[in-house]
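Remember, the working numbering sits 8 above the position in the sequence shown when you count from 1. Using N, Cα and C, we set each Cβ at its ideal position, and we do this for glycine too. None of these values were measured; they are calculated from a predicted model. What follows is one structure encoded as structure tokens, with my remarks underneath.
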Amino acid sequence: MPGRDNLVIFSGTVYKEPRRSVSPSGIPHCQFILEHHSRHIEAGFNRRVWCWIPIVINGKIEQNIAQCIVIGVSLNIQGFLCSYKGRHGLYKIVLHAKKIALIESGD
């Protein structure tokens, strides 16, 4: 099924300290949790939205962004969703980041 859309743009605050590692082949990996808050109109009513989503970065990203991924930093992330089976046998949805931008305070 190539060509199906799977593009997500998500913003939030880094909630959990990133786990960084490097694969045996030298590919850097970074995983963290992003906390999101927003408001949307749904069925004519104002709805508050809140969620945590795991973020995965495989490969290199801009060095200045990589160093800034710490708890409390606000980010705008563009990427794709993928599921994987966790260690307890439950499936999770994960956002694989392709582009990351810092959200400056006041924006």
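Counting along the chain, where does the beta strand (DSSP E) carrying residue i start and finish?
i, result
"residue 100", "99 to 110"
"residue 34", "Taken as a continuous stretch (DSSP letters only), residue 34 belongs to no beta strand (DSSP E), as it is neither H nor E."
"residue 63", "53 to 66"
"residue 17", "16 to 22"
"residue 80", "Here residue 80 belongs to no beta strand (DSSP E), and DSSP marks it neither H nor E."
Measuring CB to CB, does residue i end up less than 8 Å from residue j?
i, j, result
"residue 62", "residue 41", "yes"
"residue 22", "residue 83", "yes"
"residue 44", "residue 19", "yes"
"residue 77", "residue 37", "no"
How about the segment 47 to 55 and the segment 97 to 111: do they share at least three Cβ pairs that are nearer than 8 Å?
no
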